[in-house]
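J.:
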Amino acid sequence: MLKLHHFHGGLRLDGHKAESLGRELQQASLPERLFLPLRQHIGDHNKPLVKIGDRVLKGQVIAADSALICAAVHAPTSGTICAIANYPVAHPSGQADTCIVIDVDGEDDTVEPSLADLDNLTPVEMTELICRAGIVGLGGAVFPTSPKLSRGKVQGIDTLIINGVECEPYITCDDTLMRYNAAEVVRGSGYLQQILSPRTTFIGIEDNKPEAIAAMKQALAQHPLPNTEIVSIPTIYPSGGEKQLVQILTGKEVPHGQLAFDIGIFCQNVGTCASITRALEKDEPLISRVVTITGDNITQPGNWEVRLGTPISHLIELAGGYRHGASGQLVMGGSMMGFSLSGSEVPIVKASNCIMVMREDTIPKSPGYHDECIRCGKCTEVCPAQLLPQQLYWHARAKAYERTQEFHLFDCIECGCCSTVCPSRIPLVQYYRAAKSEIRAARKAQFKSDHARRRFEFREQRLLLKKQQDEERRRLKREALEKRKSLSGETAGGADPVQAALDRVKARKKSAREDSR
Amino acid sequence: MLLAIFTISLMAGLFGLILGYAAIRFKVEGNPVVDQIDALLPQTQCGQCTYAGCRPYAEAIASGEAPINQCPPGGQATIVALADLLETEVLELNAEHGEHLDVPLLAVIDEQTCIGCTLCIQACPVDAILGAAKHMHTVIADECTGCKLCLPPCPVDCIDMVPARQTIDDWKWSAPLDQMESVQNA
Amino acid sequence: MTSVVVSSPYVAQGNTLKRLMIQVIIALLPGTLAYAWYFGPGVIINICLAVLLALAFEAGILKLRAKPIMPQLTDCSAVVAAWLFALCLPMHSPWWLVLVGIGFTMVAGKHLYGGLGFNPFNPAMVGYVVLLISFPREMTTWYLPNSVSGESLGLLDALAYSFAGADIRQWDALASATPLDQVKTGVAQGISISEIRLSPVFGDFAGKGWEWIAFWWFIGGLWLLFTRTIRWHIPTAVLVAVLAMSLLFYLLDPEVYVSPVFHLLSGAVVIGAFFIATDPVTAATTDWGRIYYGLLIGFLIYVIRVWGGYPDGVAFAVLLANMCVPLIDYYTQPRIYGEK
Chain A
123 MLKLHHFHGG LRLDGHKAES LGRELQQASL PERLFLPLRQ HIGDHNKPLV
173 KIGDRVLKGQ VIAADSALIC AAVHAPTSGT ICAIANYPVA HPSGQADTCI
223 VIDVDGEDDT VEPSLADLDN LTPVEMTELI CRAGIVGLGG AVFPTSPKLS
273 RGKVQGIDTL IINGVECEPY ITCDDTLMRY NAAEVVRGSG YLQQILSPRT
323 TFIGIEDNKP EAIAAMKQAL AQHPLPNTEI VSIPTIYPSG GEKQLVQILT
373 GKEVPHGQLA FDIGIFCQNV GTCASITRAL EKDEPLISRV VTITGDNITQ
423 PGNWEVRLGT PISHLIELAG GYRHGASGQL VMGGSMMGFS LSGSEVPIVK
473 ASNCIMVMRE DTIPKSPGYH DECIRCGKCT EVCPAQLLPQ QLYWHARAKA
523 YERTQEFHLF DCIECGCCST VCPSRIPLVQ YYRAAKSEIR AARKAQFKSD
573 HARRRFEFRE QRLLLKKQQD EERRRLKREA LEKRKSLSGE TAGGADPVQA
623 ALDRVKARKK SAREDSR
Chain B
7 MLLAIFTISL MAGLFGLILG YAAIRFKVEG NPVVDQIDAL LPQTQCGQCT
57 YAGCRPYAEA IASGEAPINQ CPPGGQATIV ALADLLETEV LELNAEHGEH
107 LDVPLLAVID EQTCIGCTLC IQACPVDAIL GAAKHMHTVI ADECTGCKLC
157 LPPCPVDCID MVPARQTIDD WKWSAPLDQM ESVQNA
Chain C
9 MTSVVVSSPY VAQGNTLKRL MIQVIIALLP GTLAYAWYFG PGVIINICLA
59 VLLALAFEAG ILKLRAKPIM PQLTDCSAVV AAWLFALCLP MHSPWWLVLV
109 GIGFTMVAGK HLYGGLGFNP FNPAMVGYVV LLISFPREMT TWYLPNSVSG
159 ESLGLLDALA YSFAGADIRQ WDALASATPL DQVKTGVAQG ISISEIRLSP
209 VFGDFAGKGW EWIAFWWFIG GLWLLFTRTI RWHIPTAVLV AVLAMSLLFY
259 LLDPEVYVSP VFHLLSGAVV IGAFFIATDP VTAATTDWGR IYYGLLIGFL
309 IYVIRVWGGY PDGVAFAVLL ANMCVPLIDY YTQPRIYGEK
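Note that the protein sequences, when read in sequence, are chains A, B and C. End of the first sequence sits at 639 in this note's numbering; the numbers just go up one at a time, nothing left out. End of the second sequence sits at 192 in this note's numbering; the numbers just go up one at a time, nothing left out. End of the third sequence sits at 348 in this note's numbering; the numbers just go up one at a time, nothing left out.
#1: Check the Cβ-Cβ distances between V12/C and every residue of chain B, and say whether any is below 7 Å.
#2: Taking the straight line between their C-alpha atoms, what separation do you get for G442/A and H213/A?
#3: Can you find at least 3 beta carbon pairs, one from the region 125–142 of chain A and one from the region 185–199 of chain A, that sit closer than 8 Å?
#4: Check the C-beta distance from N330/A over to G137/A and give it rounded, since I have them as a contact under 8 Å.
#5: Which residues in the same chain as R400/A place their Cβ atom closer than 6 Å to its Cβ, once the five residues preceding and following it in sequence are excluded?
#6: Just checking: is the beta-carbon of K178/B within a distance shorter than 7 Å of some beta-carbon in chain A?
#7: Where DSSP assigns a beta bridge to A65/A, which residues make up the other side?
#8: Against chain A, with Cβ distances strictly below 7 Å, would M167/B count as a contact?
#9: Beta-carbon separation of M133/C and V326/C under 7 Å?
#10: If contacts are defined as beta-carbon pairs under 8 Å, then G538/A and P17/C qualify, I think. What distance do you get, rounded to the angstrom?
#11: Counting only C-beta atoms, is S16/C closer than 7 Å to chain A at any point?
#12: Show which residues of chain B have a CB atom less than 7 Å away from the CB atom of Y553/A.
#13: Is it the case that the Cβ atoms of T113/C and P128/C are separated by a distance below 7 Å?
#14: With burial defined as no fewer than 16 other Cβ atoms inside 10 Å of the residue's Cβ, what is the status of H119/C: buried or exposed?
#15: Which residues in chain C sit within 7 Å of G460/A, going by Cβ to Cβ distance?
#16: Please identify the residue among I121/B, D116/B, T173/B, D163/B whose C-alpha is closest to the C-alpha of V145/B.
#17: For R606/A, name the three-state secondary structure that DSSP assigns.
#18: Could you check whether the Cβ of K472/A sits closer than 6 Å to any heavy atom belonging to the ligand ZN?
#19: When the cut-off is 7 Å and only beta carbons count, does H127/A lie next to chain C?
#20: Taking DSSP as the reference, what is the three-state secondary structure of N54/C?
#21: Just the C-alpha distance for T148/C and V137/C, rounded to the nearest angstrom, thanks.
#22: Tell me, which residues are paired with N391/A by DSSP?
#23: Leaving out the 5 sequence neighbours to the left and right, which residues in its chain are closer than 7 Å to D184/B when beta-carbon positions are compared?
#24: In chain order, what residues of the same chain have a beta carbon less than 8 Å from the beta carbon of L171/A, not counting five sequence neighbours either side?
#25: Under the three-state reduction of DSSP, which class applies to G111/C: helix, strand or coil?
#26: What residue does the beta strand (DSSP E) around Q49/B start on, and which one ends it?
#27: Does the region 270–281 of chain C come within contact of the region 319–336 of chain C, defined as at least 3 CB pairs closer than 8 Å?
#28: Using the Cβ count rule (16 or more neighbours within 10 Å means buried), how would you classify V162/B?
#29: Looking at the C-beta of T13/B, does it have a partner C-beta in chain A at a distance below 7 Å?
#30: With the cut-off set at 7 Å, would you say R197/A and V178/A are in Cβ contact?
#31: State the CB to CB distance for the pair G316/C and A249/C, rounded to an integer number of angstroms; the pair is presumed to be in contact (CB under 8 Å).
#32: Which class does T416/A belong to by DSSP, given the choice of helix, strand or coil?
#33: Could you tell me which of L91/B, R31/B, A134/B, S69/B sits nearest to D112/B, measuring between CA atoms?
#34: Relative to chain A, which residues along the region 120–151 of chain B have a C-beta separation below 7 Å, given in chain order?
#35: Let's test the definition: count the other Cβ atoms within 10 Å of the Cβ of E593/A and tell me whether it reaches 16, buried, or not, exposed.
Structural data, given as structure tokens:
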């Protein structure tokens, strides 16, 4: 029995999970159009590989990039590319971003799969297949999986942690995936073990998911993996955070400024494991994911396997539509870390784990009056990163960004525990997010201005050099001229050598004429 | 009474000697603060501060000749940073020198009108204009700092200043206090 | 038009500010009722008057500052400050004393700094100290408990004294120094502790009446701990420091230094430990910081009581410790995740 450790702080929250667990995992039908943003991962935008009018097949790659941290985008079904333009995407700003739009033809024709010989693949080859399948971390961070695997392999991994914790309220997609597709998750964990060769593997699941734990145990019994243990952990938010889960299962803390694989620990979400299984076994890239649709304004909350690019409005329709009218808020994510969406035309992307459809008064549309901070310290009690949220608040509010960084602002995981317990109901996380945005923008501006200064200084040097070269050339010319003048003076007794040559020619001509007479 | 006066005078003389010696012995060559001030300025080299570039303005600030609130591209953020560095008072941006723009402007050359005279190329302080004599000129958008020094030399007035494209990555969360103020003022 | 984007989290749990303040008021009730039981209705009059005046002052200042009034009035922070302030006054005080004191508490102690959350000094203590220094006669005129004097002021008499300025000399027999005051003056005159304790105002452990009031403050404090309105660090540190200091000197010379039990149950130590020092706005914020803060307060209480100029040192101790809070906070920052 593994001895579990505790992380500092955390909260016991009302889970709101039962609402969406009433039905089994359902398959979502195809909408008329799919909107695929060029960027669905941490990193730079992909470049489209298709143009308007092309017919694409299910599983065909439609956008990719050659950068190290990238994840390709694939067509989730067959159809024709009808547009590549800006459409609203899932982003807190509500702004639009470039999307490839596919007119779905309903045939669902697939590209010819090229099945690999799984028993004889090297880790590098497996990682390459995962890269080509465009797989990213489906826990919410959407970090591209294959560069993470490559780096992890280089660092050397001792412990593999499969994250089935799903601590945030309202979200039940991982729970549902484990209940109904436990075998895929277990086999995916096995492939990760093949790539990384860890000494031990833990599959962490919160104890409020007894059915999922049972299903996973059964799947593990049918497909045994070496040194693998399913661990049930207490239901405390945010146990599912990577740093917190590492601490719970191993007792170690990821050192400041480093990542988990720097101490030999590799974490991967259960959803990512399932997509790895599909990529390696069936040559199916990441084109769909399990999405929870829930909230107090949806008629039939539940979990659906949805093709990426499906507009949320289609999913809302499948789930029975709005219960109290469409004037409320849509949130992507859970109630602690999710963000509001601009509207229901926003498409499902790789990061969409949950869509909360809420009534108008449940989620505020504008910030109201809040009481002042009374320095009670409850925020400090619950912070899992062991920061001083109160100090971060005072300095972020005063826009003293240097001081916020002294208090380790960027170590904040924005889990929301502090804002939740604040008696004055101060929107702490928003202050921190605003401060982080400002600091990043200032860093960008500083980088630009340093660059501009270097170009300016180079230009000044270039002009100075040119001026010096011009002067040097003129000086040399002048000297040469002086020298010629002085030379001619010595040889011809003061006469011009050119004139002397002309005289000689004249004299020769004269003598030639006299001779001929 | 006399003893007190004598003692204080003696101490004053002694401390004066120590300070004088320290001023000579530990004198710092050059003026490192000019580099620090220059590092905080936005490097547009636009001249809106009435000095011929960012470095001359930095030198003027260091010598006390110029106040810190004459740089519109830097805006209030730069003024605050300068006030922090020099431990002086934060001032409001002096509107006589121009206004600060949240979205920077970029120069764009109208290719239909350009005659390829290279006068703008010679004017650009960061060599952001690509071109040669009798060849098309174009502004490299990533390098343009929006200083507008290319506008006056152009004989056919073919350069426009347009706001830079703001992408989804440029969006910033706004602090709740600022939001509450804007909701109240709206 | 840019829409206003509100960030997650979208849930809240736990007490709001108002509920926190109400828990404090609930915790103050047992002690207050015990006080009225032993010493008459004067304290109730003081509290009611102080609360009304505090709300009036707060509303007035908020209007001057052009801030929203109702949300700040209804958070009950003024009520708690006024209540604690009123408990520090002598039980029969003229109305103008309460007015001046509350004026300083609300205006100079709280709103001049920016309102709730911005004041560095405990507002109730600021008001009390201003009165103590400015009106020493009124502030040192204390009374005997009913059980000792055999009679007490009825409600009408108490009101008459507070508001109509009835002549206090008719109640001369009731006026008396507090037990702490008697100990201090007695020791200064060279009288031994055992002799001082023969005086009728002394009960089994400390002053008659006062010891029971201290006990009920302790019960109230336990309620605050149970409801997690306050945490254990500050009260424990204050009590431990007072206990340690008084025990040390008591063991050295019991006839000059009075017993630890007396110190703990007299004056404002218990109410100070649980209600006054724990004021979150003015106390230290880190866990170890709170312990040092509490220890400092306890230490200063004892020093001022024994060697200082005043019989009870809680108010001054708290204010002095408030001054040290930024330094304490700076040097007691906890280790963050991932750092050695």
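Just so you know, even glycine gets a beta-carbon here, dropped at the ideal spot from N, CA and C.
T.: So, to answer that:
#1: Taking the first residue of the third sequence as 1, we reach residue 12/C at position 4. Chain B, which has a Cβ nearer than 7 Å to the Cβ of V12/C, makes this yes.
#2: Translated into the one-based positions of the first sequence, residue 442/A becomes position 320. Translated into the one-based positions of the first sequence, residue 213/A becomes position 91. So the alpha carbons of these two residues sit roughly 25 Å apart.
#3: no
#4: The residue you call residue 330/A lines up with position 208 of the first sequence. The residue you call residue 137/A lines up with position 15 of the first sequence. 6 Å between Cβ atoms; contact.
#5: Looking up residue 400/A in the first sequence gives position 278. The answer, listed in chain order, is E406.
#6: Within the second sequence, the letter at position 172 stands for residue 178/B. It does: the Cβ of K178/B has a partner Cβ on chain A nearer than 7 Å.
#7: The structure shown does not extend to residue 65/A, since chain A spans only 123 to 639, so no value can be given for it.
#8: Your numbering for residue 167/B matches position 161 in the second sequence. No - not a single Cβ of chain A is within 7 Å of the one on M167/B.
#9: The sequence position of residue 133/C within the third sequence is 125, counting from 1. The sequence position of residue 326/C within the third sequence is 318, counting from 1. Cβ distance < 7 Å, so M133/C and V326/C count as in contact.
#10: Counting from one through the first sequence, the residue named residue 538/A turns up at place 416. Counting from one through the third sequence, the residue named residue 17/C turns up at place 9. Right, the Cβ-Cβ distance comes to about 3 Å (below 8 Å), so this counts as a contact.
#11: In the third sequence, counting from the first residue as 1, residue 16/C sits at position 8. Closer than 7 Å to some Cβ of chain A, the Cβ of S16/C qualifies, so yes.
#12: If you number the first sequence from 1, residue 553/A lands on position 431. The answer, in chain order, is A181, P182.
#13: If you number the third sequence from 1, residue 113/C lands on position 105. If you number the third sequence from 1, residue 128/C lands on position 120. Not a contact, by the Cβ cut-off of 7 Å.
#14: Position 111 of the third sequence, counted from the start, is the residue given in the question as residue 119/C. Buried.
#15: By 1-based counting over the first sequence, the position of residue 460/A is 338. What G460/A touches in chain C: S16.
#16: In the second sequence, counting from the first residue as 1, residue 145/B sits at position 139. Checked all of I121/B, D116/B, T173/B, D163/B; the closest Cα to V145/B is D116/B.
#17: Taking the first residue of the first sequence as position 1, residue 606/A is located at position 484. Helix, per DSSP.
#18: Absence of the ligand ZN from the depicted structure is noted, as is the absence of any ligand whatsoever, leaving it without description.
#19: As a working note, residue 127/A is residue 5 in the first sequence. It does not: the Cβ of H127/A has no partner Cβ on chain C nearer than 7 Å.
#20: Stepping through the third sequence from its first residue, residue 54/C is reached at position 46. If DSSP states are grouped into helix, strand and coil, N54/C belongs with the helices.
#21: Locating residue 148/C in the third sequence gives position 140, where the first residue counts as 1. Locating residue 137/C in the third sequence gives position 129, where the first residue counts as 1. Going by the C-alpha atoms only, they are around 12 Å apart.
#22: Along the first sequence, read from residue 1 onward, the residue named residue 391/A stands at position 269. For N391/A, which the question treats as bridged, DSSP gives the partners N285/A.
#23: Within the second sequence, residue 184/B is the residue found at index 178, counting from 1. Around D184/B: no qualifying Cβ.
#24: Within the first sequence, numbered from 1, the residue matching residue 171/A stands at position 49. Counting only Cβ-Cβ distances below 8 Å, and skipping sequence neighbours, we find V183, I184, A185, A186.
#25: Locating residue 111/C in the third sequence gives position 103, counting from the first residue. It is helical.
#26: Indexing the second sequence from 1 puts residue 49/B at position 43. Premise fails: Q49/B is in no beta strand (DSSP E) and is neither H nor E.
#27: yes
#28: Residue 162/B sits at position 156 when you count from the first residue of the second sequence. V162/B should be labelled exposed.
#29: Counting from one through the second sequence, the residue named residue 13/B turns up at place 7. Not closer than 7 Å to any Cβ of chain A, the Cβ of T13/B fails to qualify, so no.
#30: For the purposes of this step, residue 197/A is identified with residue 75 of the first sequence, where counting begins at 1. For the purposes of this step, residue 178/A is identified with residue 56 of the first sequence, where counting begins at 1. The amino acid at residue 197/A is misidentified as Arg; the sequence shows Ala. Against a cut-off of 7 Å, the Cβ pair of V178/A and A197/A comes out as a contact.
#31: In the third sequence, residue 316/C corresponds to position 308, counting from 1. In the third sequence, residue 249/C corresponds to position 241, counting from 1. G316/C to A249/C, Cβ: 16 Å. No contact.
#32: Taking the first sequence and counting its residues from 1, one reaches residue 416/A at position 294. In the structure shown, T416/A sits in a strand (DSSP, three-state: E or B).
#33: Position 106 of the second sequence, counted from the start, is the residue given in the question as residue 112/B. Looking at the sequence provided, one finds Leu at residue 112/B rather than Asp. It is A134/B.
#34: P131, V132, D133, E149, T151
#35: Stepping through the first sequence from its first residue, residue 593/A is reached at position 471. That one is exposed.
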